[in-house]
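*Asks:* My structure is below; once you've seen it, I'll send some questions.
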Amino acid sequence: MTFDWIKAPLAVSGGAIAGALGRYYLGHWLSVTMAQPGLPVGTLAVNLLGCFGLGLFVSFTRPLRGIPLELRLLIVTGFIGSLTTFSTYILEVVDLIGARNWNSLWIYGVGSPMLGWCSFYGGIRLGENIADRKSTRLNSSHLVISYAVFCLKKK
2 MTFDWIKAPL AVSGGAIAGA LGRYYLGHWL SVTMAQPGLP VGTLAVNLLG
52 CFGLGLFVSF TRPLRGIPLE LRLLIVTGFI GSLTTFSTYI LEVVDLIGAR
102 NWNSLWIYGV GSPMLGWCSF YGGIRLGENI ADRKSTRLNS SHLVISYAVF
152 CLKKK
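Numbering (the working numbering), first residue to last: 2 to 156.
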């Protein structure tokens, strides 16, 4: 199978446009019609829908041969990938469980959300420092030290 440098990006782009619009409209509609104070219902529903859709597509197409690469790119990478990346995370965790790759499962399955929170906090801190102009010389060593201290404090 050869990689088509025109069809593949077009398939991803087409799927991504549809997935992003689906996330926006479905998420907004659910947040308005099923509003729950403090609970992002739209995001929750979109993430669950993405997980279900990815599971359905993968289980249906894995045993089949000859599924065009562009179709997989359109649906999985483009549409579901822009609808939600949470579904991809779940698929990869399930694949690691199926492969009995316990070390990678631990690092990826547990590390992704924990390091994601640390990264998110690091981004917030950097943004606050830049916005507030608390530090006139914010260098990379300051950021790394702040980030490491935050992650260690959480343990």
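Note that beta-carbon positions come from the ideal geometry of N, C-alpha and C, so glycine has one too.
With which residues is Leu40 paired in a DSSP beta bridge?
*Replies:* For this step, residue 40 is matched to residue 39 along the sequence shown. In DSSP, Leu40 forms a bridge with Gln37.
*Asks:* Consult DSSP for Leu65 and reduce its assignment to one of helix, strand or coil.
*Replies:* Along the sequence shown, read from residue 1 onward, the residue named residue 65 stands at position 64. In the structure shown, Leu65 sits in coil (DSSP, three-state: anything other than H, G, I, E or B).
*Asks:* Could you compute how far the alpha carbon of Val36 sits from the alpha carbon of Leu70?
*Replies:* Working through the sequence shown from its first residue, we reach residue 36 at position 35. Working through the sequence shown from its first residue, we reach residue 70 at position 69. At residue 36 the sequence reads Ala, which differs from the Val that was named. Computed Cα separation, rounded: 39 Å.
*Asks:* Gly117: which of Trp103, Phe87, Gly99, Gly128 sits nearest, CA to CA?
*Replies:* Residue numbering aside, residue 117 sits at position 116 when the sequence shown is read from its first letter. Closest by alpha carbon: Phe87.
*Asks:* Would you please state the rounded distance, in angstroms, between the beta carbons of Leu84 and Gly123? I believe it to be under 8 Å.
*Replies:* The residue given as residue 84 occupies position 83 in the sequence shown. The residue given as residue 123 occupies position 122 in the sequence shown. Not quite, the Cβ-Cβ distance comes to about 27 Å (not below 8 Å), so this is no contact.
*Asks:* Just to confirm my understanding: we take Val42, look at its own chain, exclude 5 residues before and 5 after, and list those with CB closer than 6 Å. What are they?
*Replies:* Here the question's residue 42 lines up with position 41 in the sequence shown. The residues are Leu31, Ser32, Met35.
*Asks:* Which residues in the same chain have their Cβ closer than 7 Å to the Cβ of His29, if we skip the five residues on either side of it in sequence?
*Replies:* Counted from its first residue, the sequence shown places residue 29 at position 28. Counting only Cβ-Cβ distances below 7 Å, and skipping sequence neighbours, we find Gly43.
*Asks:* Is there contact here, the region 11–18 with the region 66–81, by at least three beta-carbon pairs under 8 Å?
*Replies:* yes
*Asks:* Under a three-way DSSP split, which group does Ile7 fall into?
*Replies:* Position 6 of the sequence shown holds residue 7. Three-state result, Ile7: coil.
*Asks:* Please report the Cβ distance between Ile191 and Gly112, rounded to the nearest whole angstrom; I am assuming they are in contact, meaning their Cβ atoms lie under 8 Å.
*Replies:* The structure shown has nothing for residue 191, since the chain only spans 2 to 156.
*Asks:* Answer yes or no: do Phe61 and Ile76 have a C-beta to C-beta separation smaller than 8 Å?
*Replies:* If you number the sequence shown from 1, residue 61 lands on position 60. If you number the sequence shown from 1, residue 76 lands on position 75. Cβ distance not < 8 Å, so Phe61 and Ile76 don't count as in contact.
*Asks:* Does the beta carbon of Leu106 sit closer than 8 Å to a beta carbon anywhere in chain B?
*Replies:* Going by chain labels, chain B is absent from the structure shown, which holds only one protein chain.
*Asks:* For the candidate residues Arg63, Pro64, Gly23, whose alpha-carbon lies nearest to that of Arg46?
*Replies:* In the sequence shown, the residue the question calls residue 46 occupies position 45. According to the sequence provided, residue 46 is Ala. The question's Arg does not apply to it. Per the Cα distances, Gly23.
*Asks:* Gly67 to Gly110, Cα distance in whole Å?
*Replies:* As a working mapping, residue 67 is identified with position 66 in the sequence shown. As a working mapping, residue 110 is identified with position 109 in the sequence shown. Spanning the two alpha carbons is a distance of roughly 31 Å.
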